[in-house]
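Protein chains in written order, with our numbering: chain A, 16 to 358; chain B, 16 to 358; chain C, 16 to 358. For glycine and all other residues, C-beta sits at the position ideal for the given N, C-alpha and C.
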Amino acid sequence: MLKTNCGRFFEDYCIGQVLDHAVPRTVSGGERTLYHALYPVRHALYSSDEFARACGLPSAPLDNLAAFHLVFGKTVPDVSLNAVANLGYAAGRWQAPVYVGDTLRSQSEIIGLKQNSSGKTGVVYVHTKGMNQHNQTVLDYVRWAMVRKRNLEAAAPQTVIPTLDTALLPKQLSVPQGLDFSRYDFAQAGEPHRWGDYQIGERIDHIDDVTMEDAEHMMATRLWQNTAKVHFDATARPDGKRLIYGGHVISMARGLSFNGLANAQMIVGLNAGAHANPCFSGDTVRAWSEVLDKAEIAAPGVGALRLRLVATKGCAPFELRGQDGKYHADTLLDLDYWVLIST
Amino acid sequence: MLKTNCGRFFEDYCIGQVLDHAVPRTVSGGERTLYHALYPVRHALYSSDEFARACGLPSAPLDNLAAFHLVFGKTVPDVSLNAVANLGYAAGRWQAPVYVGDTLRSQSEIIGLKQNSSGKTGVVYVHTKGMNQHNQTVLDYVRWAMVRKRNLEAAAPQTVIPTLDTALLPKQLSVPQGLDFSRYDFAQAGEPHRWGDYQIGERIDHIDDVTMEDAEHMMATRLWQNTAKVHFDATARPDGKRLIYGGHVISMARGLSFNGLANAQMIVGLNAGAHANPCFSGDTVRAWSEVLDKAEIAAPGVGALRLRLVATKGCAPFELRGQDGKYHADTLLDLDYWVLIST
Amino acid sequence: MLKTNCGRFFEDYCIGQVLDHAVPRTVSGGERTLYHALYPVRHALYSSDEFARACGLPSAPLDNLAAFHLVFGKTVPDVSLNAVANLGYAAGRWQAPVYVGDTLRSQSEIIGLKQNSSGKTGVVYVHTKGMNQHNQTVLDYVRWAMVRKRNLEAAAPQTVIPTLDTALLPKQLSVPQGLDFSRYDFAQAGEPHRWGDYQIGERIDHIDDVTMEDAEHMMATRLWQNTAKVHFDATARPDGKRLIYGGHVISMARGLSFNGLANAQMIVGLNAGAHANPCFSGDTVRAWSEVLDKAEIAAPGVGALRLRLVATKGCAPFELRGQDGKYHADTLLDLDYWVLIST
Numbered sequence: 016m017l018k019t020n021c022g023r024f025f026e027d028y029c030i031g032q033v034l035d036h037a038v039p040r041t042v043s044g045g046e047r048t049l050y051h052a053l054y055p056v057r058h059a060l061y062s063s064d065e066f067a068r069a070c071g072l073p074s075a076p077l078d079n080l081a082a083f084h085l086v087f088g089k090t091v092p093d094v095s096l097n098a099v100a101n102l103g104y105a106a107g108r109w110q111a112p113v114y115v116g117d118t119l120r121s122q123s124e125i126i127g128l129k130q131n132s133s134g135k136t137g138v139v140y141v142h143t144k145g146m147n148q149h150n151q152t153v154l155d156y157v158r159w160a161m162v163r164k165r166n167l168e169a170a171a172p173q174t175v176i177p178t179l180d181t182a183l184l185p186k187q188l189s190v191p192q193g194l195d196f197s198r199y200d201f202a203q204a205g206e207p208h209r210w211g212d213y214q215i216g217e218r219i220d221h222i223d224d225v226t227m228e229d230a231e232h233m234m235a236t237r238l239w240q241n242t243a244k245v246h247f248d249a250t251a252r253p254d255g256k257r258l259i260y261g262g263h264v265i266s267m268a269r270g271l272s273f274n275g276l277a278n279a280q281m282i283v284g285l286n287a288g289a290h291a292n293p294c295f296s297g298d299t300v301r302a303w304s305e306v307l308d309k310a311e312i313a314a315p316g317v318g319a320l321r322l323r324l325v326a327t328k329g330c331a332p333f334e335l336r337g338q339d340g341k342y343h344a345d346t347l348l349d350l351d352y353w354v355l356i357s358t
Numbered sequence: 016m017l018k019t020n021c022g023r024f025f026e027d028y029c030i031g032q033v034l035d036h037a038v039p040r041t042v043s044g045g046e047r048t049l050y051h052a053l054y055p056v057r058h059a060l061y062s063s064d065e066f067a068r069a070c071g072l073p074s075a076p077l078d079n080l081a082a083f084h085l086v087f088g089k090t091v092p093d094v095s096l097n098a099v100a101n102l103g104y105a106a107g108r109w110q111a112p113v114y115v116g117d118t119l120r121s122q123s124e125i126i127g128l129k130q131n132s133s134g135k136t137g138v139v140y141v142h143t144k145g146m147n148q149h150n151q152t153v154l155d156y157v158r159w160a161m162v163r164k165r166n167l168e169a170a171a172p173q174t175v176i177p178t179l180d181t182a183l184l185p186k187q188l189s190v191p192q193g194l195d196f197s198r199y200d201f202a203q204a205g206e207p208h209r210w211g212d213y214q215i216g217e218r219i220d221h222i223d224d225v226t227m228e229d230a231e232h233m234m235a236t237r238l239w240q241n242t243a244k245v246h247f248d249a250t251a252r253p254d255g256k257r258l259i260y261g262g263h264v265i266s267m268a269r270g271l272s273f274n275g276l277a278n279a280q281m282i283v284g285l286n287a288g289a290h291a292n293p294c295f296s297g298d299t300v301r302a303w304s305e306v307l308d309k310a311e312i313a314a315p316g317v318g319a320l321r322l323r324l325v326a327t328k329g330c331a332p333f334e335l336r337g338q339d340g341k342y343h344a345d346t347l348l349d350l351d352y353w354v355l356i357s358t
Numbered sequence: 016m017l018k019t020n021c022g023r024f025f026e027d028y029c030i031g032q033v034l035d036h037a038v039p040r041t042v043s044g045g046e047r048t049l050y051h052a053l054y055p056v057r058h059a060l061y062s063s064d065e066f067a068r069a070c071g072l073p074s075a076p077l078d079n080l081a082a083f084h085l086v087f088g089k090t091v092p093d094v095s096l097n098a099v100a101n102l103g104y105a106a107g108r109w110q111a112p113v114y115v116g117d118t119l120r121s122q123s124e125i126i127g128l129k130q131n132s133s134g135k136t137g138v139v140y141v142h143t144k145g146m147n148q149h150n151q152t153v154l155d156y157v158r159w160a161m162v163r164k165r166n167l168e169a170a171a172p173q174t175v176i177p178t179l180d181t182a183l184l185p186k187q188l189s190v191p192q193g194l195d196f197s198r199y200d201f202a203q204a205g206e207p208h209r210w211g212d213y214q215i216g217e218r219i220d221h222i223d224d225v226t227m228e229d230a231e232h233m234m235a236t237r238l239w240q241n242t243a244k245v246h247f248d249a250t251a252r253p254d255g256k257r258l259i260y261g262g263h264v265i266s267m268a269r270g271l272s273f274n275g276l277a278n279a280q281m282i283v284g285l286n287a288g289a290h291a292n293p294c295f296s297g298d299t300v301r302a303w304s305e306v307l308d309k310a311e312i313a314a315p316g317v318g319a320l321r322l323r324l325v326a327t328k329g330c331a332p333f334e335l336r337g338q339d340g341k342y343h344a345d346t347l348l349d350l351d352y353w354v355l356i357s358t
C-alpha cells in the first residue's frame with residue numbers, strides 16, 4: 016500500500032462526505048507572539064490580557080484570523096493539495112474565542128460539486144468546522160476550490176451547487192459571551208473613531224505598505240501546518256517562485272488596516288473572499304477598506320461594521336476592478352467581513 | 016474626519032504634552048523564545064528560570080532590551096513616524112524586571128523642542144516611561160529625534176533643550192529586589208570573568224559576526240509593534256532598501272557581546288546611544304566593547320560595569336571615529352550603558 | 016587575560032575530560048510554536064496536549080529533535096567552534112520527554128581522540144548528556160567531529176577510538192513512562208499505516224519539497240544557542256554562503272517524512288548519522304526513508320521501527336551513493352534512527 020498522501024482529486028469527493036482532518040493542535044502563548052511578529056497586527060483586544068478583561072473576556076484570545084488559519088491549515092491535505100485555485104469563501108462565523116491551552120481540530124463536509132466543462136477539473140464546495148477540546152465549534156465557513164481530476168475518464172458527478180447568501184445577516188453573528196465595550200479605552204486601543212464615526216460607503220486608505228519575504232510567508236504557512244507544496248518549493252512552478260498562501264495576504268492586509276480601523280477589534284463574520292491575483296516575495300502590499308454596512312449589536316457598547324478589505328500590490332487605492340469588470344491585475348484580495356467595534 | 020494616522024509633525028508637539036501610547040501588550044513565553052531566535056543572546060539569567068531563581072529572582076525575566084523595544088515600539092506612531100533620524104538616547108533606567116504575564120504600556124512627555132535652522136525639521140525630546148499592569152514603571156528613558164514639519168510656515172516653538180547628564184551615576188541605578196549573585200554559577204553562565212577582571216579602558220573584540228536579513232529585522236520590528244514604514248516597505252527609499260530598525264542592531268550587538276561579557280547579565284542604565292550609520296540586509300555586523308567605568312553595588316555579589324558597545328559593518332575593531340572626529344562610515348552603533356555583573 | 020572564547024582546538028582535549036556546557040535553558044510554549052513554524056512537523060503527539068494525554072503522557076512534550084538541538088547547541092562553544100566537519104553520531108537515546116517549564120543543561124565527556132595523518136586536524140569523540148532541572152538525563156548521544164589544531168607542533172595524543180555499535184538494540188530503547196498507544200486515534204494522527212504495515216526493506220518517497228532560506232536556518236540555529244560562525248556570517252566562507260546547520264536539515268527531513276510516516280511519533284534512538292554534503296539557502300530539499308528493522312516494544316500498542324532518513328537536494332529518491340560507494344553529491348543527510356509507532 017502506498018504510504019504517502021498525494022491528496023484527493025476531484026473524482027474522490029462525493030456529496031455528504033465528511034472528512035475528519037488530522038493533527039489536532041494546542042495553542043500556546045507562542046502562537047500569539049509569532050502572529051505579532053509576522054503581521055503588523057495591533058488590535059488591543061488580542062494584544063493585552065488586561066484590555067481583554069476590561070472588555071469582559073477572561074484573557075486576550077488568539078487573533079481570530081490566526082484561529083481561522085489554524086482550522087483552515089488542517090483541511091489542506093484533504094481538500095486542496097491538488098487545487099488549481101482557491102475560488103472563494105462564504106458564511107464564515109466565529110462562534111467562540113480561542114484561548115491559550117485550547118486544542119483545535121477541523122472537520123469538513125462536502126456540500127457541492129461541479130465538474131468544469133474542460134473535464135479536467137471541478138469545483139469542490141466544503142463546509143468546514145473548527146472545534147475545541149470541549150467539542151464546541153469555534154468557527155465554521157464554506158470555501159470552494161477548483162481541484163484537478165486524476166483520471167480524466169472518471170464520470171462527472173451530479174452537479175450540486177450550495178445556496179450561499181451574499182452576506183451574513185447581523186442576527187447570524189455570534190458575539191462572545193460577556194463581551195462589553197461600555198468601558199472601552201479608546202486611547203489604549205489607538206484611535207478615537209467609534210462605530211458612529213463610520214459611514215456606509217466610506218473608504219479608507221490604510222497608507223502603510225509591506226514588502227513580502229519568502230522566509231516570512233513560509234513560516235506563517237507552516238505554523239498552521241498547511242502543507243501545499245506550491246508555497247514551499249521553488250521548483251514547483253515554472254517561474255521558480257513560491258506562491259504566497261492567500262491567508263498570509265489576508266492577515267497582512269488586516270494588520271495594515273489597523274491604521275484607520277484600530278477599534279474594529281473582532282472579526283465575527285466572513286461574507287465572501289476572493290484571492291484575485293497571486294502574490295510573491297518582493298511584492299509590496301498595501302490595503303484599503305470600504306464600509307459596506309453597519310448593524311447594531313445586543314452586547315453593551317458593541318456595534319458591527321461590514322467591511323470590504325482589499326489588498327493590492329501597486330495600484331492606486333480604491334481601484335478594485337478595471338473597466339471590463341475584472342479585478343485589476345494588481346488586486347490581490349477582496350474580502351468581505353463583519354467586525355465588532357466600540358460604539 | 017480622516018481615519019488614518021500619518022503621525023505627528025514637528026509643529027504638533029509642545030512642551031509638557033503627555034502622550035499615552037496605544038496598544039498595551041501582554042508578554043508570554045513566546046516573546047522570550049522569539050528573542051532567542053532573532054539574536055545570539057545567551058545570558059543565563061534570561062535563558063533559565065533555574066539560574067534566575069538561584070540569583071534571587073522569581074523566574075527568568077524578559078531580556079531587558081526586549082523590554083526596551085516593547086516600550087519603545089509603542090511610541091513610534093506618536094513620536095517618530097515622520098522622523099528623519101533618531102538622534103540619541105539618555106538617562107535610561109530599568110527599574111523593574113518584566114515577567115511572563117506582565118502587560119506593558121508606554122507614556123511619553125515632551126521635554127524639549129528645537130527647530131532646525133533649515134526651518135524644515137526640528138528636534139523633539141521625549142521622556143518615555145514603560146509601565147506594567149500594577150502601574151509600576153519598568154523602565155524610562157529620554158530620546159530625541161529629528162522630525163519633519165508638515166507646514167513649513169508654522170511658527171518655531173520656543174527652544175527648550177533638556178539638561179541631560181553624560182551618564183547615570185551608580186547610585187541612580189535600580190537593582191532588582193532580591194538580586195543576589197553570591198552563589199553565582201560561572202560555569203553555567205559561560206565565562207569565568209568577574210567584575211574584578213575588567214579594567215577601565217579595557218577593550219574587547221567580540222569576534223563573532225552575523226549577516227543581516229530582511230525577514231529577520233522585519234519580524235523583530237513587528238514583534239514590538241513598531242510601525243515605521245521605512246523598515247517594511249522596499250518602495251519607501253530611492254535605493255529600494257528597507258532600513259533596519261536601530262534597536263535590531265542594538266540587540267544583535269548585545270548578543271554578540273556575550274563572547275567576552277557573558278556575566279554582564281542585566282542592563283540597568285542607558286547613558287547614551289547613537290545610530291551612527293544606517294544598516295541594511297546583507298550587511299555583516301560585528302561588535303566590540305570598551306570598559307568605561309566600574310562601580311560597586313549594594314546587592315550581594317553584584318557589581319556594575321559601564322560599557323561602550325560598538326557595532327560596525329566592516330571596519331577593524333576599536334576604530335570608532337575617523338581623524339575628522341566623525342563616526343567611521345562603517346560604524347553602526349555607539350551605545351553607552353551600565354550593566355550588572357557578578358563580583 | 017583574553018576575554019573572548021575562540022573555542023578549543025584539537026590539542027586542548029584529553030580523554031576523560033568532562034565539559035559542563037554553559038547556558039541552561041528553560042523551555043516555554045514558544046519553543047513548540049517556533050519549531051512548528053520552522054519545520055513542516057505535524058506529529059500529533061507533539062502538536063496536541065489532548066492527543067498526548069490520550070497516549071498516557073501529561074501533555075505534549077517538546078519535539079524530540081528540538082530537545083536534541085537544544086542539548087547539542089550548548090556543546091558547540093566547547094566542542095565544535097573549530098570543527099572542520101561534523102563526522103557522525105551514534106548511540107543516541109532519548110530517555111525522558113521534555114515538557115514546558117523544564118530547564119535543560121548539557122555535559123560532555125571526551126571519549127576518543129585520533130590525530131589525522133596530516134597533523135593539522137584530529138577527530139574528537141564526545142559523549143554528551145542533556146539533563147533537566149531534576150538532574151535526570153533526558154537524552155544522551157555520541158558524536159565525533161574533525162577539529163583543527165591551533166599549534167601544529169603540539170604532540171599527537173594517544174589514539175583512542177571508542178567502540179560504537181552499529182545500532183542500538185531494541186532493549187536499549189527507553190519508552191516514556193505511561194506511554195500507551197492502545198487507544199491511538201489514527202484519523203487524528205493523519206494516516207492509517209501502523210507498525211504491521213511497514214516491511215523491512217520498504218522505501219518511502221516523502222514527495223514534498225522545501226526550498227531553504229537563510230533567515231529560517233539562522234533563526235533555527237540561534238534558537239538552540241548554537242554559535243558556530245559559519246552559519247551566520249556570509250564572510251566566513253570564500254563563496255559568501257552561510258552553511259546551514261546540519262540539525263536544520265535533520266528537522267526539515269523529519270518534518271517532510273510525516274507524509275508516509277505520520278504515526279512514527281517518537282524518536283527514541285539515534286543509531287548513526289552523517290551530513291554527506293553541505294546545504295545552503297536556495298537548495299530545495301526532499302526526503303525519503305527506508306525501513307531497516309522492526310522491533311516489538313513492551314508498552315501497550317507500541318512498536319518500534321528502525322528507519323533510514325535521507326535528505327537530498329535534487330537526486331532521484333532512493334539513490335544514496337554512487338557506483339564508487341561514496342555519497343551522491345546531492346545527498347545531504349543519512350540518518351539511522353529508532354522511532355515508536357502505533358501497532
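| Check | Outcome |
| --- | --- |
| Taking a contact to mean a Cβ-Cβ separation below 8 Å, would you say Gly134(B) touches Phe25(B) in this structure? | no |
| Measure from the C-beta of Gln240(A) to each C-beta in chain C and report whether the shortest distance is under 8 Å. | yes |
| Roughly how many whole angstroms lie between the Cα atoms of Asp64(C) and Leu154(B)? | 37 Å |
| Run the CB neighbour count on Phe87(A), radius 10 Å, all protein chains shown included, and call it buried at 16 or more, exposed below. | buried |
| Taking 8 Å as the CB-CB cut-off, is Arg40(A) touching chain C? | yes |
| Answer with yes or no whether the minimum CB distance from Pro55(B) to chain C is below 8 Å. | yes |
| For the candidate residues Ile126(B), Ala82(B), Ala313(B), Val91(B), whose alpha-carbon lies nearest to that of Thr152(B)? | Ala82(B) |
| Who are the neighbours of Leu49(A) on chain C, taking C-beta pairs under 7 Å? | Thr48, Leu49, Ala52 |
| Quick one: what's got a C-beta closer than 8 Å to Asn131(B)'s C-beta in the same chain, skipping five residues either side? | Gly137, Val138, Met161 |
| Pull the bridge partners of Lys144(B) from the DSSP assignment, please. | Gln122(B), Asp155(B) |
| Residues in the same chain with beta-carbon distance under 7 Å from Lys328(C), minus the five sequence neighbours each way, listed in chain order, please. | Cys294, Asp298, Thr299, Val300, Asp345, Leu347 |
| Going by beta-carbon coordinates alone, are Ala235(B) and Leu53(B) separated by less than 8 Å? | yes |
| Output the distance between the C-alpha atoms of Arg252(C) and Val245(C), rounded to the nearest integer angstrom. | 7 Å |
| Considering only C-alpha positions, which residue in the set Thr143(C), Ala202(C), Ser121(C), Ala182(C) is nearest to His36(A)? | Ala202(C) |
| For Asp35(A), would you say it is in contact with chain C, using Cβ-to-Cβ distances shorter than 8 Å as the test? | yes |
| In the DSSP output, which residue or residues are listed as bridge partners for His290(B)? | Leu348(B) |
| Step through the CB atoms of chain A and report whether any lies within less than 8 Å of the CB of Phe295(C). | no |
| With distances taken Cα to Cα, identify the nearest neighbour of Pro76(A) among Glu168(A), Gly127(A), Ile126(A), Gln110(A). | Gln110(A) |
| For Asn241(A) and Asn97(A), what's the separation of their Cα atoms in angstroms? | 13 Å |
| Under 8 Å, Cβ to Cβ, is there at least one residue of chain C near His221(B)? | yes |
| With DSSP collapsed to three states, give me the class of His221(C). | strand |
| Looking at C-alpha atoms only, which residue of Met227(A), Arg163(A), Thr118(A) is the closest neighbour of Gly261(A)? | Met227(A) |
| Please check if any C-beta of chain A sits within less than 8 Å of the C-beta of Asp64(C). | yes |
| How is the alpha helix (DSSP H) around Thr236(B) delimited, first residue to last? | 229-238 |
| Grouping DSSP H, G and I as helix and E and B as strand, with all else coil, what is Asn101(C)? | strand |
| Please go through the same chain and pick out, in chain order, the residues whose beta-carbon is closer than 6 Å to the beta-carbon of Thr41(A), but skip the five residues on each side of it. | Thr118 |
| Answer with buried or exposed for Ser62(A), where buried requires no fewer than 16 other C-beta atoms within 10 angstroms of its C-beta. | buried |
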